[in-house]
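Quick notes on the structure that follows.
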Amino acid sequence: MTKISFYGVKQWEREYLQEKVAQVAGDAEILFSEEILDKSHVPTDTSADIVSVFVDSTLDNEVLSKFPNLKFIATRSTGYDHVDLATCKERGIVVSSVPSYGENTVAEFAFALILSLSRKIFEGYDRIKEKGSFSFDGLQGFDLMGKTIGVVGAGHIGQFSIKIAKGFGMKVVAYDPYPNENLAKELGFEYKDFDELLKESDVITIHVPYLKTTHHLFSEEKFSLMKKTAILVNTSRGPIIDTQALVSALKDGKIAGAGLDVLEEESVIKDEMEFLKKGNGEGHDLKTIIANHVLVDLPNVVMTPHNAFNTGEALRRILDTTIENIKGYLAGTPINLVK
Numbered sequence: 032m033t034k035i036s037f038y039g040v041k042q043w044e045r046e047y048l049q050e051k052v053a054q055v056a057g058d059a060e061i062l063f064s065e066e067i068l069d070k071s072h073v074p075t076d077t078s079a080d081i082v083s084v085f086v087d088s089t090l091d092n093e094v095l096s097k098f099p100n101l102k103f104i105a106t107r108s109t110g111y112d113h114v115d116l117a118t119c120k121e122r123g124i125v126v127s128s129v130p131s132y133g134e135n136t137v138a139e140f141a142f143a144l145i146l147s148l149s150r151k152i153f154e155g156y157d158r159i160k161e162k163g164s165f166s167f168d169g170l171q172g173f174d175l176m177g178k179t180i181g182v183v184g185a186g187h188i189g190q191f192s193i194k195i196a197k198g199f200g201m202k203v204v205a206y207d208p209y210p211n212e213n214l215a216k217e218l219g220f221e222y223k224d225f226d227e228l229l230k231e232s233d234v235i236t237i238h239v240p241y242l243k244t245t246h247h248l249f250s251e252e253k254f255s256l257m258k259k260t261a262i263l264v265n266t267s268r269g270p271i272i273d274t275q276a277l278v279s280a281l282k283d284g285k286i287a288g289a290g291l292d293v294l295e296e297e298s299v300i301k302d303e304m305e306f307l308k309k310g311n312g313e314g315h316d317l318k319t320i321i322a323n324h325v326l327v328d329l330p331n332v333v334m335t336p337h338n339a340f341n342t343g344e345a346l347r348r349i350l351d352t353t354i355e356n357i358k359g360y361l362a363g364t365p366i367n368l369v370k
């Protein structure tokens, strides 16, 4: 009998998945856990043939070695940097992802961060909440209309961001390693090389996946090219930005602000007590962890807890695609494969 284990599942997700997975999986045994799956959270029963996780789990070689029967991983996410693909390939484990679930969802959130920074919304809110003051001294912002936005990555989410930006009356430039001039003409934007985009943009929003080639794409060198008045928004993956370089750029006035829904070492920030119990920083960059704490306290930073995906509509699309991925694998025709 096939055994399917879901990890990091909330009660409503379990209720949503239970019947629908049973319909596509026949007599398979289906297990659910609210716990994530990583080396600190390995279950007693590791006999699953199929595992489904979210991005807060970490399926590295150590964790995968605990699952001798594992044949298929259905990650409930677009990104898959939390899965050790090299080990999966070596063991013949098939991996599927959710290639598109919330291009509008994430793009809308990116603009929530942009507006929070451009209009100093959280500073105003904190002033009223903490001090009871309705003074608007120091809260002058800037219009988006007429400004240049640089969209780094013109895939599904990037394209929706471009559409929103056009609605604000912004000039749009984009960087993408695979430019599509027909798309640029259709949506009304211009491709630039990365350095040109950095120099020209008043607002920069990141929508590239995390790969070896995008690790620390935003470095000390790149921050030096940006306008001192520019704001940077990241709803993609934390390690695309060199955190220590970002802290320096913000403190030294090289850029004006940052809106961050993702961080390097964000798993440590989310579960810091567990990290401290281990008593060592093995496998983690302690300087980056400290830099994250500095970012939290900077007045020109708006930070959210990797929440850009989190709408009811998007989550249901994620679950529906995950069910289809499992159905495809069981039928011998896997879809949405990660290679």
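Positions 32 to 370 (our numbering) are the ones given, in order, by the sequence shown. Glycine is no exception: its CB is placed at the ideal position from the N, C-alpha and C atoms.
beta-carbon residue i near the ligand PLP non-hydrogen atom, thresh 7 Å
{"i": "residue 252", "result": "In terms of ligand content, the structure shown is empty, and the ligand PLP therefore cannot be addressed."}
Residue i - partner residues in DSSP beta bridges
{"i": "residue 37", "result": "63, 83"}
{"i": "residue 289", "result": "263, 332"}
{"i": "residue 103", "result": "81, 125"}
{"i": "residue 186", "result": "Its beta-bridge partners do not exist; DSSP assigns none."}
{"i": "residue 235", "result": "181, 263"}
{"i": "residue 203", "result": "180"}
{"i": "residue 69", "result": "72"}
{"i": "residue 90", "result": "114"}
{"i": "residue 249", "result": "272"}
Beta-carbon proximity check, residue i vs residue j, cutoff 8 Å
{"i": "residue 339", "j": "residue 266", "result": "yes"}
{"i": "residue 188", "j": "residue 238", "result": "yes"}
{"i": "residue 234", "j": "residue 261", "result": "yes"}
{"i": "residue 230", "j": "residue 259", "result": "no"}
{"i": "residue 184", "j": "residue 157", "result": "no"}
{"i": "residue 105", "j": "residue 34", "result": "no"}
{"i": "residue 352", "j": "residue 341", "result": "no"}
{"i": "residue 333", "j": "residue 148", "result": "yes"}
{"i": "residue 290", "j": "residue 152", "result": "no"}
{"i": "residue 329", "j": "residue 294", "result": "no"}
{"i": "residue 73", "j": "residue 102", "result": "no"}
{"i": "residue 276", "j": "residue 331", "result": "no"}
Residue from the options whose Cα sits closest to the Cα of residue i
{"i": "residue 98", "options": "350, 123, 109", "result": "123"}
{"i": "residue 359", "options": "160, 127, 200", "result": "127"}
{"i": "residue 337", "options": "298, 230, 363", "result": "298"}
{"i": "residue 119", "options": "143, 130, 94, 129", "result": "94"}
{"i": "residue 175", "options": "169, 216, 203, 161", "result": "203"}
{"i": "residue 370", "options": "39, 320, 115, 156", "result": "115"}
{"i": "residue 171", "options": "150, 106, 104", "result": "150"}
{"i": "residue 68", "options": "60, 36, 52, 58", "result": "36"}
{"i": "residue 357", "options": "42, 54, 198", "result": "54"}
{"i": "residue 292", "options": "327, 282, 317", "result": "327"}
{"i": "residue 264", "options": "255, 232, 256", "result": "232"}
{"i": "residue 134", "options": "102, 254, 186", "result": "186"}
{"i": "residue 251", "options": "283, 240, 362", "result": "283"}
Next on the checklist: Can you confirm whether the region 233-245 touches the region 267-277 when touching is taken to mean that 3 or more C-beta pairs between the two stretches lie within less than 8 Å?
Outcome noted: Touching, yes, given that three or more Cβ pairs across the two stretches are closer than 8 Å.
Item to check | Cβ contact (3+ pairs, closer than 8 Å) linking the region 200-217 and the region 74-88 | outcome: Contact fails: fewer than three Cβ-Cβ distances are below 8 Å.
Item to check | contact_flag[the region 173-182, the region 192-212] where n(CB pairs < 8 Å) is 3 or more | outcome: yes
Item to check | the region 215-223 / the region 163-170 touching (three or more Cβ pairs under 8 Å) | outcome: no
Checklist entry - Can at least three beta-carbon pairs, one atom from the region 102-117 and one from the region 138-151, be found at a separation below 8 Å? => result no
Checklist entry - Is the region 58-65 close to the region 88-103, with three or more CB pairs under 8 Å? => result no
Item to check | Three CB pairs or more closer than 8 Å across the region 341-354 and the region 42-59 | outcome: yes
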